[in-house]
Amino acid sequence: LVTIFLVAACGPGGSGGPSSGASVDPDALRVVATTTVLADIVAAVGGRRASVHSIIPPGVGPEDYEPKPDDARKLADAQLIVSNGVGLDNFLDRLMSSGGGGSTPRLVLGDGLPTIDVDGEPNPHFWLDPTIVKTGYVPKIVAALSSAAPVDKAMFEANAAAYTTQLDALDQELQAQVATIPPAIRKLVTFHDAFPYFARHFGFELVGVVVANVGQEPNAAELAALVEKVKAVHVTAVFSEAQFNPKLARTLAEEAGIAKVVTTLYNDALGPAPADSYPGMMRWNVQQIVEALR
40 LVTIFLVAAC GPGGSGGPSS GASVDPDALR VVATTTVLAD IVAAVGGRRA SVHSIIPPGV
100 GPEDYEPKPD DARKLADAQL IVSNGVGLDN FLDRLMSSGG GGSTPRLVLG DGLPTIDVDG
160 EPNPHFWLDP TIVKTGYVPK IVAALSSAAP VDKAMFEANA AAYTTQLDAL DQELQAQVAT
220 IPPAIRKLVT FHDAFPYFAR HFGFELVGVV VANVGQEPNA AELAALVEKV KAVHVTAVFS
280 EAQFNPKLAR TLAEEAGIAK VVTTLYNDAL GPAPADSYPG MMRWNVQQIV EALR
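The numbering used here puts the first residue of the sequence shown at 40, with every later residue one more than the last.
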């Protein structure tokens, strides 16, 4: 069994720290986002006129996150709060109801976006499709930042235009990499249901997930059924995200006779360089998937 493993480390975007290495003005708009991924996207649009911090630190997903006592203070100090919604960051509702930023404007990026339903529930992981970030997230971010700081609207719009161009180039780059994999073997088994938008956009088949609900391990019958399913369709690799224990993914691979296990994908949280920005994370994920399926 060959395991591709990288230990996650804290990089830019840590809890309470700026999401971008770029300098910001002392009087920049104070923005708090729930995750490092969202913070990085907002920082790209805000530029030097937005000081963006993430509540959740790198390497930690919202499923695992337990709010800290200082989080309410960070929210109360913010001039804009950005969340994903659609069930991803429900902890924010509890924080705000307990006095953390209850009167602060809040942007919920997932509101109104078409969803892919998984087991009857809308999936919140929109950002793993870069076209949704471009058309669904960025315009909302521009509008929210401009409402909070009208004097900087032109700068936000210019930053958004540049970022949109970057996202277009990123998508073309990633599509070219995926095109090197024959469609017949573009089959994904992931740790949990984070990749439906990614799979739809890049032309992968989602065969199954190791855990249906984070924190709830599959029973013996469920694992056996997944083993038979992945064997039947000739899955060649199992993928897990870096914030989760890879034990179950490795067990599935061993029982199904799969030689490759990739335990370093990122979705809810950024990782160490080169996955310490949204574009970097997307490049890293596609590179890991393409290399494993070759």
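Every residue, glycine too, gets a C-beta built ideally from N, C-alpha and C.
- Rounded to the nearest angstrom, the Cβ distance from K268 to V246 is 6 Å, consistent with a contact under 8 Å.
- A residue is called buried when at least 16 other Cβ atoms come within 10 angstroms of its Cβ; N162 meets this threshold and is buried.
- The straight-line gap separating the alpha-carbon atoms of A215 and T170 is approximately 15 Å.
- No Cβ-Cβ contact shorter than 9 Å links V84 with V190.
- Proximity of the segment 204-222 to the segment 285-302 falls short of the contact definition, fewer than three beta-carbon pairs being nearer than 8 Å.
- Within the same chain, no residue comes within 6 Å of R239 by CB-CB distance, once the 5 residues on both sides are set aside.
- For the pair of segments examined, the segment 101-108 was found not to touch the segment 197-208: the number of CB pairs separated by less than 8 Å stays below three.
- For the pair N324 and L167, the CB atoms are nearer than the 9 Å cut-off.
- Collapsing the DSSP output to three states places F278 in a strand.
- Between A67 and N198, the alpha-carbon positions lie close to 15 Å from each other.
- DSSP links H231 through a beta bridge to no other residue.
- Taking the C-beta atoms as reference points, K270 is found no nearer than 9 Å to G242.
- Per the C-alpha coordinates, the member of A183, L206, P144, K192 positioned closest to K173 is L206.
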